[in-house]
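A.B. asks: Structure below; questions to follow.
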Amino acid sequence: MIKQLFVLAVIHVLLTCSANALSRHRRVIGGKMAGDGDWPWLVSLHGEIVTKKLFGFIPIAHKHLVCGGSVLNDRWILTAAHCFYDRNGGTEKRKPSNWEAKLASVTLKSNPIEKIKNFLGTLFNKESWRYWEVDVERIVLHPQYSNKNFWEHDIALVRLSRSVPSGPHYDKIKRVPLPSVDNASFPGVGDDCVMKGWGCRSGGAKLSFKAHSVSLPVYNKKSCAKIYGTRDIGERICAGYLYNGKGICKGDSGGPLTCRNKDGQWIQVGVASFSSRDRPGSYPAVFTRVSAYLDWIKKTIKG
């Protein structure tokens, strides 16, 4: 028993020191770092694609992909379709065996301290110390998503290979509330919403080690359409600023845009789709509007 307490005490000190050191690092585009449990529906999706083989069958080089997502229930994740689409016609991105999901953690990659804590959480049945890395069993792109327009119907569902705890008595994984069909005016222009993800700190920079959140107000649709050279942004939501140094970046794709409703509850209204490639912090980002796809989401999960 004494040995066990000593191990736990050492881990606590290491975790505290690690957190203090990380808090001094520069963050993403206008955002702030998320703490454990801040956004319990947030998921990171990790893809690993073989790009080179020795003798034609031994993998020696890989391409690593990262997207965000949100927990719908104990088996299903909501994300963006373009995360799994290869513009060159390849199919490797679509294979579930090349993907896994990480839940109950704000770190993109597990460090030694987190792994030790997770091991002890499993050993001592402490779910609050654990995180989950779960293989993907199925990837479902919206049926109207195609290479004719990579940003239209940019929404997908991912089914996990096994269930994760997501009930009311578990704090680290929660199901994200979705909007209602009959409230098309929510959110309104100017409403303050929050985007979460692991995107880069600036255009062209590397992904963030820890998840971050950034506050983005809903942007006028007509003005947004002009920015991106189109007549209408369709079933999408624009959120962000012009030249304010805040926005989403590579790695945020598929992440949830949430807004508070009149009762103060966080609701996922959008799925991160795209922003300016060269200056992502200077223009509003575009999100797939979740309320437009509620029927498809429900039918796919039931099916």
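The opening position of the sequence shown corresponds to residue -13 in this note's numbering, with each subsequent residue numbered one higher.
Glycine included, every Cβ here is placed at the ideal spot set by N, Cα and C.
#1: Can you list the beta strand (DSSP E) stretches of 3 or more residues lying completely in the region 102 to 153, in chain order?
#2: Looking at the structure shown, is Val162 part of a helix, part of a strand, or coil, going by DSSP?
#3: How about Ile141 and Thr286: do their beta carbons lie closer than 8 Å?
#4: Leu143 and Ile253 - do their beta-carbons sit closer together than 8 Å?
#5: Does DSSP put Gly42 in a helix, in a strand, or in coil?
#6: Over the uninterrupted alpha helix (DSSP H) stretch that includes Cys210, give me the two end residues.
#7: Between which two residues does the beta strand (DSSP E) holding Leu280 run?
#8: Drop a sphere of 10 angstroms on the beta-carbon of Gly185, count the other beta-carbons inside from all chains shown, and report buried for 16 or more, exposed for fewer.
#9: Flag this pair as yes or no: are the beta carbons of Leu28 and Pro242 separated by less than 8 Å?
#10: With a CB to CB cut of under 7 Å and the five nearest residues on each side skipped, what residues in its chain are close to Cys245?
#11: Taking the alpha-carbon positions, what's the Ile63 to Ala90 distance?
#12: Would you report the Cα separation of Pro270 and Ser209, rounded to the nearest angstrom?
#13: Among Val52, Trp137 and Ser96, which one has its Cα closest to the Cα of Glu221?
#14: Does Asn111 pass the burial test, meaning 16 or more other C-beta atoms within 10 Å, or should it be called exposed?
#15: Tell me the DSSP secondary structure of Phe273 in three-state form.
#16: Run through DSSP, which three-state label would Glu100 get?
#17: Report buried or exposed for Val52, applying the criterion of at least 16 other Cβ atoms within 10 angstroms of its Cβ.
C.D. replies: Short version:
#1: 118 to 127 and 142 to 146, all fully within the region 102 to 153.
#2: In the structure shown, Val162 sits in coil (DSSP, three-state: anything other than H, G, I, E or B).
#3: Contact flag unset, no.
#4: Going by C-beta atoms, Ile253 is not nearer than 8 Å to Leu143.
#5: Gly42 falls in the coil class under three-state DSSP.
#6: Taken as a continuous stretch (DSSP letters only), the alpha helix (DSSP H) holding Cys210 covers Lys207 to Ile213.
#7: Per DSSP, Leu280 belongs to no beta strand (DSSP E); it is in the alpha helix (DSSP H), Leu280 to Lys288.
#8: It counts as buried.
#9: The answer is yes: Cβ separation under 8 Å.
#10: Once the five neighbours on either side are set aside, the close Cβ partners of Cys245 are Pro173, Asp177, Cys179, Ile253 and Val255.
#11: Within the model, the alpha-carbon separation for Ile63 versus Ala90 is close to 13 Å.
#12: Cα to Cα, Pro270 sits roughly 10 Å from Ser209.
#13: Restricting attention to Val52, Trp137 and Ser96, the CA atom closest to the CA of Glu221 is found in Trp137.
#14: In the assembly as shown, Asn111 is an exposed residue. Its beta-carbon has fewer than 16 other beta-carbons within 10 Å.
#15: Looking at Phe273 - three-state DSSP - the assignment turns out to be strand.
#16: In the three-state reduction of the DSSP assignment, Glu100 falls in the helix class.
#17: The residue is buried, with at least 16 neighbouring Cβ atoms inside 10 Å.
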